[in-house]
Structure formats: C-alpha cells, structure tokens
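**Q**
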Amino acid sequence: MKTVSQKVSFGEKVGYSLGDGSANLIFQMMMMFQLFFYTDVFGIKATAAGMILLVARIFDAFVDPVVGILSDRTNTKWGKYRPWILWTALPFAVFFVLAFATPDLGERGKILYAGITYTLLMSVYSFNNTPYSSLGGVMTSDIKERTSISSIRFVTATIATFVVQGLTLPLVAKFGQGDAQKGWSWTIGLFAIVVVVLLLVTFFTTKERITPPANQKTSVKQDLKDILHNGPWRAMFVLTLFLFVTLAMWGSGMSYYFNYVVDKDALFAFLKNFGLVAEAGQSYGSFHGFLNAFGLIAHDNSQVFAVGFSLFNMIGQIITLLGVIFLSQFLSNIFGKRNVFIVCLALTAVFTALFFVVPADRIANIFVLNILKSLAYA
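Take the position in the sequence shown, starting the count at 1, then add 1498; the result is the number in the working numbering.
So this is what it looks like as structure tokens:
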C-alpha cells in the first residue's frame, strides 16, 4: 500500500464535503418531494408513482455493489474515485432536471417518462456517491484526519438538507407565481447548477493519497461472494433499505399531510404569530425582507402550505442536528449504541404514528410532535 503525506488541509476537507452537499441536494429532493411532484404537479396517479419509486430503488440496490466493483478497478492519472465525481457531475444535474420536468404526454407516456428518468437519476446517484464515499478513505489513513473530514462532511450535508427542506416550496411559489410547473423547473434548474459547481470543486480540490500495490489483484466473483456471505453487511443492507423507504414515506407523507390535512386557517394564524405573514400597510425590517426574498413570508392562504411546511421541516432539521451533537454520543456512552438505536427508533415510530390522531387545527401540537420525533430520530 503506497501512501504520501497524511495531513489534509482544511480547504481540502471543505472541498471534499461539498460533494456530499451537492449529492444531498438531490437525495433530499427525491426523498421529500419526488412522489408529491409526480402526483400533484406532473399528474401521475399515486399508485403508479409509488410503484415507480419502489421499482427504481430495488433496482438501485443492485447497482451499488456493481459501482463499487467498477470504481475499485478504475485506474487513471486522477486516481480511482475522483474521476467518477468528474464524469458524473453533468449527467447528475441533467437527469435531476429531467426527473422534475413536466413534458406534455398522455397518462402512459408520463408513467414511462417518470420511470425512465427517475431510475436513471438513481443510478447516476450511485455512480457518483459510491466512489465519493470511498474517496474519503483514501485521502488519508490518519484516524484523526478522517474524523475531521467526516465531521465537516456532516455539517455540509446538514446545510444541504436544511436548504432543500426549508427553501424548495417557497422558491417554487416565488418562481412560479401560481404556475407550479414553471416554479419547479426554475427551482430544480437552480439547484442543478449548484450541484455541478460543488462537484467540480470537490474534484479539483481533493487528492487520493493511498494507493494499493500494483500487483494487488482481486476477483469480481470473489468480491461478490464475500459481500453475499457477509452477515453484518446483509443486515446493514436490509436496515439501510428500510431506513431509506422510511425517509421517503416521511418526506412524501408529510407533504400530503400539510397540503391536505392540516387546517389552513389555523396554520395561517400560527404563522402570523411568528411574523411570517405579510399584512397590508405594515413595514418590515431587513430580516423579514431577507425571508421574503426566499419566499418564506406568506402573503395569503395560497402560500400557507409552502411557508408552513418549510418552517416545520427547518425546525425538525435543527432539532435533529442538536440531538446528534449533544445527545447521541452522550446516551450511547451510558446505555450502549445498540440499545439507544433500538429504543430511539421505536420512539420515532410512536411519535410518527401520533400525527394521525392530532386534530388538524392543533398546529402547536403538530410542531411539538415534530420536535419530539426529530429528537428521537437524532
């Protein structure tokens, strides 16, 4: 195993982390809004849209190991993993835009179009993110440096999640001005540009310092055999699959919940208490002007869904971040990681189920429940 200097500059760590931020922009968009977009914007029936997402994710589960095998056998002047970030940057953005486009097709045409573009987007995500994750392991073998890299990566991914969950719907409303399809096109186009820029920064600012010996050879057949006979890997594979399904169900489900279940008049009054409603003749300071620039001020009931759901998401994300930073390790040290994971996952399920029994006009209760669920999930 050949290595060079193990120290990684802060700039390189940030550059690497931006790659996860870019991928998370797309990942969070798929988890939170893809199903909602298909049914409420593109006009696909819910059963067909759900089947598209399910089939694509099952297919993608088999793509990941293949990508890992291919990237491990890639040898270029840029290294093994960095080239994949460069090669997938533009296709990633293109299929992201196409997956949220609304071509004028018949019912079957829309289903076929959505199925193809979403599956391709998921596949490109694997071809980008699997080598990206491996890149972090060959930038240095220093444990402290790797921990630092992971910490910065986590912060960047969290910021991307916050942006998607907090700004997507307000930007759609602001860009669309009543035309949802136009709003989504402009919003996704803006995010796609950001994705390409961030991935290019990652490619140009990182370096692979650890390379395997030239005579080291592995068998694809043996790699697959090792994976399939690895019990912990199989367990984590199933767990990860279910967690991804849960994330998608939560994101999509809450979009419908806020749009169709939550009482809009009660939500309007709730937002007004927080100064997130524009009133005629009232002047606002620079902070409200900043919020309004990003569509986070409701001017009438038609914008309540976008602003209310965004506030709901942002609060949840902040609580999750605080829980990870201050509680996760603390509780794990006392009770053990396995016990904390099981109990908190069960609590997450309980708090999620309680959304079905909270009255639609009890907005404060809904937000408190979100705080508890986010804390347990953290």
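In this text, a Cβ means the ideal position worked out from N, Cα and C, and glycines have one as well.
1) Can you tell me which of Asn1627, Phe1534, Ser1569 and Gly1513 puts its alpha carbon nearest to the alpha carbon of Asn1522?
2) Taking only three categories from DSSP, how would you classify Val1506?
3) Restricting to Cα atoms, I'd like to know which of Lys1680, Ala1671 and Tyr1630 is closest to Val1699.
4) Put Thr1572 into one of helix, strand or coil per three-state DSSP.
5) Among all the DSSP beta bridges, which residues are the ones paired with Val1855?
6) Within the present structure, is the beta-carbon of Trp1682 separated from the nearest heavy atom of the ligand HEM by less than 7 Å?
7) Does the beta-carbon distance from Val1539 to Thr1600 come in below 8 Å?
8) Taking only beta-carbon atoms, is Asn1728 less than 8 Å away from chain D?
9) Which residues share a DSSP beta bridge with Ala1796?
10) Output needed for Ala1764: all residues of its chain with C-beta closer than 6 Å, excluding positions within five of it in sequence on either side, in chain order.
11) What does the Cβ neighbour count give for Ser1800, buried or exposed, with the cut at 16 atoms within 10 Å?
12) Output the distance between the C-alpha atoms of Tyr1758 and Glu1643, rounded to the nearest integer angstrom.
13) Where in the stretch 1538-1584 do unbroken runs of the alpha helix (DSSP H), each at least 4 residues long, occur, reported from the N-terminal end onward?
14) State buried or exposed for Thr1704, treating a residue as buried only when at least 16 other CB atoms are found within 10 Å of its CB.
15) Around the Cβ of Leu1696, are there at least 16 other Cβ atoms within 10 angstroms (buried) or fewer (exposed)?
16) Classify Met1529: buried if its beta carbon has 16 or more other beta carbons within 10 angstroms, exposed otherwise.
17) Tell me where the alpha helix (DSSP H) around Val1693 begins and ends.
18) Could you tell me which whole alpha helix (DSSP H) segments of length 4 or greater appear in the stretch 1624-1683?
19) Grab me the residues of Ala1587's own chain with a C-beta within less than 7 Å of its C-beta, minus the 5 sequence neighbours each way, in chain order.
20) Got a sec, what are the start and stop residues for the alpha helix (DSSP H) Pro1730 sits in?
21) If you draw a straight line from the C-alpha of Gln1675 to the C-alpha of Leu1619, how long is it?
22) According to DSSP, simplified to helix, strand and coil, what is Thr1600?
23) What's the C-alpha gap between Gly1751 and Asn1868?
24) Can you give the beta carbon distance from Ala1876 to Leu1825, rounded, assuming they're within the 8 Å contact cut?
**A** Result, derived from the coordinates:
1) Asn1627
2) coil
3) Tyr1630
4) coil
5) DSSP output for Val1855 lists no bridge partner at all.
6) Ligands displayed in this structure: none; no statement on the ligand HEM is therefore possible.
7) yes
8) Of the chains in the structure shown, none is chain D; there is only one protein chain.
9) Val1775
10) Asp1859 and Ile1861
11) exposed
12) 47 Å
13) 1544-1570
14) buried
15) buried
16) buried
17) Ala1678 to Thr1703
18) 1641-1674
19) Val1694, Leu1697 and Leu1698
20) Gly1729 to Tyr1754
21) 28 Å
22) coil
23) 13 Å
24) 7 Å
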